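Comments concern the structure below.
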Amino acid sequence: MFWSRLNYKYYLTLIIVQALIFTIVLCALFPHLDRNHKQLAFDNHSSYQYVFESNQGTSTNNYLNCTDKIQFSTDASMGQPLYVETFMLLPSVAYDDVAPFVLKNKLSSSEIAITRNVAAKYHLSVGTQVYSKHKVTNTLVEYTVKEILPVCYGLTQNDPKSNHGVIIMGTDESYIQNVAYSFIGFAENDPSAQIANENAGLISINSKRDQNSNLLLQTIISQAIICFLVCAIMVIGCKFHYDCQKSYYSRIAIDGYPIKKLTRAIIVDMMLPGMASLCISLVATCAILSAHNAFFSYHTTMIAVITNLVTLGLCTIIFTIKTKRV
2 MFWSRLNYKY
12 YLTLIIVQAL
22 IFTIVLCALF
32 PHLDRNHKQL
42 AFDNHSSYQY
52 VFESNQGTST
62 NNYLNCTDKI
72 QFSTDASMGQ
82 PLYVETFMLL
92 PSVAYDDVAP
102 FVLKNKLSSS
112 EIAITRNVAA
122 KYHLSVGTQV
132 YSKHKVTNTL
142 VEYTVKEILP
152 VCYGLTQNDP
162 KSNHGVIIMG
172 TDESYIQNVA
182 YSFIGFAEND
192 PSAQIANENA
202 GLISINSKRD
212 QNSNLLLQTI
222 ISQAIICFLV
232 CAIMVIGCKF
242 HYDCQKSYYS
252 RIAIDGYPIK
262 KLTRAIIVDM
272 MLPGMASLCI
282 SLVATCAILS
292 AHNAFFSYHT
302 TMIAVITNLV
312 TLGLCTIIFT
322 IKTKRV
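Take this note's numbering: the last position of the sequence shown gets the number 327, and nothing is skipped along the way.
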C-alpha cells in the first residue's frame, strides 16, 4: 500500500520545523499589521480630513498639546509608564462630529478617556485609576478612567515603538495657565483660512490622506513580505519533502500503482504537512501574542492561509506531473 512507507517521526519533524519558522515570522509582523489595519479603519471612519498644529486655539475641534509630554503610569510609583499620546480638552472649544472622538461624558480635571487599545494593552477599564506627576504642582495625581474610546493608535503619529494609543484629559486650568503648549486641531476642509482669520498662528498642517497613504504603503509592504516568506517556506518544505519521497513515488508508479490513486495520494501527502504546520503556527502565534497583550491580525491571517494554499496547490501539481513523467 502507498502509505506503508510513511514515517510519523519524519512528518512530525517536518511539521514542527515549518510551524516554528511560520510562528517566528507571524509573531514579528502580525502586531504591526493589525495596528495598521485598525488605525486605517479609525481614520476612514473619522470625518476630519486635516490635522493642524497652531500657537493659538481655534473655536472648534482642537486639543491642548503640552510641549513637555504628560506621563501616565498604572501604579503610584510611576514604574509602569503608559506609552500614549496625551491631549487635553479645552473649556471654550466646541467639539462636533469632525472631532476624532465624540465623548459621551463630560470629563473633570481628574478624569480621562482612553482608547480601547490602551485599555487592552494595560488592562484598564472604566473606573480604573492611573497616575501622573503633575507638572505644575509636582504632586502625584490620581486620574479615573471615565470612558473607553474607539481604537486609535495616534492622532499625530503612529509609531509602534512609542505609541500604544491616545488619552484625552479633562480640562486642568493650572496646565493651561502655567505650562508651554500648542494646539492640535482637526478640520473637514482646509483650515488655513480659519486659522488666519482667528490669528491662531499656524505651525503645521497635514492631510489625513497623506498620512493614510504612508500607512497603507507600510501595510502593503508588510503583507507582501509575509506572502513571500510563506511562499518561500512552503516551496522549500515541499521540495525537501518531494526529494525525500520521489524515489518511492517513482517506484510505485513504475510498479503499476493506479495513476489516479497515486495522484490523490501525492496531493494529500504534500498538502497535509503544509496545512498542519500553518494551522499550528497560527494557534501558537495567537497564544503568544495574547500572552504579551499584542494583537492578532485576522486580515493577514486570511492572506497567509490563501498564499499557503495556492503555493501548496502549485507545488503539488508540479511534483505530481514530475512523478507521472517517470
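Just so you know, even glycine gets a beta-carbon here, dropped at the ideal spot from N, CA and C. Since we're looking at a predicted model, the values are computed, not measured.
If the criterion is Cβ atoms closer than 8 angstroms, does the pair residue i and residue j meet it?
i: I196; j: V52; result: no
i: A188; j: N62; result: yes
i: K147; j: A114; result: yes
i: V236; j: A305; result: no
i: D76; j: Y132; result: yes
i: Y64; j: L104; result: no
i: S214; j: Q50; result: no
i: I281; j: I22; result: no
i: Y176; j: M303; result: no
i: P101; j: C153; result: yes
i: S93; j: G171; result: no
i: L204; j: E54; result: The question names Leu, yet the displayed sequence has Ile at residue 204. Taking 8 angstroms as the Cβ cut-off, I204 and E54 qualify as a contacting pair.
i: S291; j: E199; result: no
i: I226; j: K136; result: no
In terms of alpha-carbon separation, which member of the options lies closest to residue i?
i: I25; options: A285, T157, S111; result: A285
i: I1; options: N118, Q130, T157; result: In the structure as shown, the chain begins at 2 and stops at 327. Residue 1 is therefore absent and cannot be evaluated.
i: E174; options: I206, K209, T138; result: T138
i: Y84; options: Q158, Y96, R210; result: Q158
i: L141; options: H46, F73, S208; result: F73
i: S126; options: L290, E112, I289; result: E112
i: Y11; options: T317, T302, Y243, H46; result: Y243
i: H165; options: T172, G155, S193; result: G155
i: T301; options: S223, I253, L315, L290; result: S223
i: N37; options: C316, Y299, S248; result: Y299
i: N190; options: S48, N106, Y250, D35; result: S48
i: I168; options: T116, I307, D97; result: T116
i: L315; options: A233, D98, Q40; result: A233
i: I319; options: L279, K247, L13; result: K247
i: L283; options: K261, P259, N309, V269; result: N309
i: I221; options: S278, A95, T145, D35; result: D35
i: V99; options: N56, G58, D44; result: D44
With respect to the alpha helix (DSSP H) encompassing residue i, which residues constitute its N-terminal and C-terminal limits?
i: I177; result: 174-179
i: Y123; result: 117-123
i: I196; result: 193-198
Within the same chain, show all residues whose beta-carbon is closer than 6 angstroms to that of residue i, passing over the 5 residues directly before and after it, in chain order.
i: T321; result: T264, I267
i: C67; result: V180, Y182
i: M2; result: Bear in mind that the predicted position of M2 carries a pLDDT of just 43, short of 50, making it too unreliable to give a figure here.
i: L218; result: none
Over what stretch of residues does the beta strand (DSSP E) that includes residue i continue unbroken?
i: K134; result: 130-134
i: I149; result: 141-150
i: S208; result: 203-208
i: A188; result: 182-188
i: V167; result: 167-170
i: Y64; result: 63-67
i: V85; result: First-last for V85: undefined, no H or E at that position.
i: S93; result: First-last for S93: undefined, no H or E at that position.
i: A52; result: Sequence inspection shows Val at residue 52; the Ala mentioned does not correspond to that position. From DSSP, the beta strand (DSSP E) with V52 extends over 51-55.
Check whether the Cβ of residue i lies closer than 7 angstroms to any heavy atom of the ligand NAD, and answer yes or no.
i: H124; result: Here there are no bound small molecules, and the ligand NAD is not part of this structure.
With a threshold of 8 angstroms on Cβ separation, who are the neighbours of residue i within its own chain once the five nearest residues in sequence on each side are excluded?
i: L313; result: M235, C239, M271, M272, G275, M276
i: H46; result: P151
i: F229; result: none
i: Q130; result: E143, Y144, T145, V146
Between which residues of its own chain and residue i is the CB-CB distance below 7 angstroms, once the five residues before and five after are set aside?
i: S5; result: Residue confidence for S5 is low, a pLDDT of 43 falling below 50, so the modelled location carries little weight; the figure read from the coordinates is stated next. No residues qualify anywhere along the chain.
Query raised in the report: Given 8 angstroms as the limit, is there contact between the region 20-36 and the region 74-84, that is, 3 or more CB pairs closer than that?
Result: No, they do not touch.
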